[in-house]
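In our numbering, the protein residues as written are 405 to 697. What follows is a set of notes on a single structure, which appears directly below.
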């Protein structure tokens, strides 16, 4: 944003729909005042500028700072950040330029709508004008409003690449644990669930058919037991993901019939191994392997 004239920058905000299970706000901000070559204000993270850090998803409201919606901090969903510069307003005599970088950890596309508030004396100009056509676009409410469901033809589907919903707990992409042998070095990680909770994974197929399904599932000493179903048909009863150390098992799920378009895999927590850490029922999905039959 560029302002030409004399005035005061009074506040900024951003509303976005995140489409990935990763942090969106690592961008730098730079504010140039009155034609200076180097910015008077420079920062290295949108979360710092808006008064928090570490991709905090929690709702908060403080004097001059707020996050009324934070669900989209590091997963699919909406996030809103607001900063009113009542005590740290930025006056300018001839011009002001505000650059806020969008820097996402994931290679993805999101809906992103920054805003700013300012006062200028009569005759002031800005490079931002009304955009009625863009403002009239439907508001994204799901990931698929922005990114269509990816259609696969078989082979390997990474757990971190499917659409996800969960009845309780948190789902994120986890890396590290080289000893686990995760494909691509990552897995889809579900934590803080309880018995009875359900993880829903949605993936697309380019054509209907019968496939042999193998699930790459993580096992560890704090992982739980779950029933696994596909398109409403139970495939595995009481799969126990306990192990003394972190490792990935290739679990044979048998022959499955897949529909063209959307297919839904569910994991329902049922309990935990007596040897597992108390009150921990985590699950990890590394991959789905599909071989046409």
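A virtual CB, placed ideally from N, CA and C, is assigned to each residue, including glycine.
Distance from the Cα of residue 548 is smallest, within the candidate group 462, 607, 507, for 607. Using a Cβ-Cβ distance cut-off of 8 Å, the segment 467–479 and the segment 521–538 are not in contact, since fewer than three pairs of beta carbons, one from each stretch, lie closer than that value. The C-alpha of residue 504 lies about 40 Å from the C-alpha of residue 670. Counting only the Cα atoms, residue 496 lies some 54 Å from residue 556.
Distance between residue 415 and residue 642, taken at the CA atoms: about 53 Å. Note: residue 696 is bridge-paired with 615 in the DSSP secondary-structure output. For residue 547, the secondary structure class from DSSP, reduced to helix, strand or coil, is helix.
For the 8 Å CB-CB criterion, residue 562 and residue 425 do not form a contact.
If the five residues before and after residue 489 are omitted, its C-beta is found closer than 8 Å to the C-beta atoms of 413, 414, 415, 416, 468, all from its own chain and listed in chain order.
Taking the Cβ atoms as the reference, residue 514 lies roughly 6 Å from residue 428, within the contact range of under 8 Å. Residue pairing by DSSP puts residue 637 in a beta bridge opposite 634. In this structure, residue 623 lies away from residue 574, with their beta-carbon atoms at least 8 Å apart. Counted as a single uninterrupted DSSP element, the stretch harbouring residue 520 is not any alpha helix (DSSP H) but the beta strand (DSSP E) occupying residues 515–524.
Residue pairing from DSSP places residue 661 in a beta bridge opposite 614.
Secondary structure at residue 608: strand, using DSSP grouped into helix, strand and coil. Here residue 680 is not near residue 600, since their CB atoms are 8 Å or more apart. Counting along the chain, residue 576 sits inside the beta strand (DSSP E) bounded by residues 574–579.
Distances from the CA of residue 498 to each of 637, 564, 439, 533 were compared; the closest alpha carbon is that of 439.
Three or more beta-carbon pairs separated by less than 8 Å are not found between the segment 515–525 and the segment 576–596, which leaves the two stretches without contact. When C-beta atoms of the segment 458–465 are compared with those of the segment 473–484, three or more pairs fall below 8 Å, so the two segments count as touching. For residue 649, the three-state secondary structure derived from DSSP is coil. Here residue 405 is near residue 531, since their CB atoms are less than 8 Å apart.
In the structure shown, the three-state DSSP call for residue 488 is strand.
Here residue 466 is exposed. Its C-beta has fewer than 16 other C-beta atoms within 10 Å. Shown here, residue 477 sits in coil according to DSSP, grouped into three states, outside any helix or strand. As computed with DSSP, residue 627 is found in a beta bridge with 686.
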